[in-house]
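Visitor:
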Amino acid sequence: GPAPVLDKLDEELAELRAELAAPESPTRATRIVEELGDLLFTVANLARHLDIDPEAALAAANAKFRRRFAAVESSLASAGRPLAEASLEEMEAAWGEVKRRE
Numbered sequence: 281g282p283a284p285v286l287d288k289l290d291e292e293l294a295e296l297r298a299e300l301a302a303p304e305s306p307t308r309a310t311r312i313v314e315e316l317g318d319l320l321f322t323v324a325n326l327a328r329h330l331d332i333d334p335e336a337a338l339a340a341a342n343a344k345f346r347r348r349f350a351a352v353e354s355s356l357a358s359a360g361r362p363l364a365e366a367s368l369e370e371m372e373a374a375w376g377e378v379k380r381r382e
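To convert a position in the sequence shown, counted from 1, into this note's numbering, add 280.
1) Assign Thr307 to one of three DSSP states: helix, strand, or coil.
2) Among the residues of its own chain, which have a CB less than 8 Å from the CB of Ser355, if the five just before and after it don't count?
3) Name the two residues that bound the continuous alpha helix (DSSP H) containing Leu300.
4) Tell me whether the beta-carbon of Leu316 lies closer than 8 Å to the beta-carbon of Leu296.
5) What's the C-alpha gap between Arg381 and Arg347?
6) Is it a yes or a no for the stretch 324–338 touching the stretch 285–294, going by three-plus beta-carbon pairs under 8 Å?
7) According to DSSP, simplified to helix, strand and coil, what is Pro362?
8) Let me check understanding here. Comparing Cα to Cα, which of Phe345, Glu291, Glu353 and Thr310 lies closest to Val323?
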């Protein structure tokens, strides 16, 4: 079942967090890339355990993001706020509204 893979996911995320919190060093960037790779590998393994195609799941998530981003852009434009001029707070509020409407 997926339980051991979820535990591994927690472990890999903790390792990435530790590297991100580590002081700068000549090898820090390489270690972060390695830990992120381990995390992605574990997520793909979780998908396999759940009989989900990880590439299809990622493609669906990308499509959802693009759809929501376009809705945010449209919402801001209709309020007279071009995306380039909107504050982070305005964009986050619009994003939350788009998510609530879905």
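Every residue gets a Cβ at the ideal spot worked out from N, C-alpha and C, and that includes glycine.
This structure is a prediction, so every number in the text was calculated from the model and none was measured.
Guide: Inspection of the coordinates gives the following:
1) DSSP places Thr307 in coil when its eight states are reduced to three.
2) Ala374, Glu377 and Val378
3) Note, Leu300: alpha helix (DSSP H), Ala283 to Ala301.
4) yes
5) 12 Å
6) Of all C-beta pairs linking the stretch 324–338 to the stretch 285–294, three or more are shorter than 8 Å, placing the two stretches in contact.
7) coil
8) Glu291
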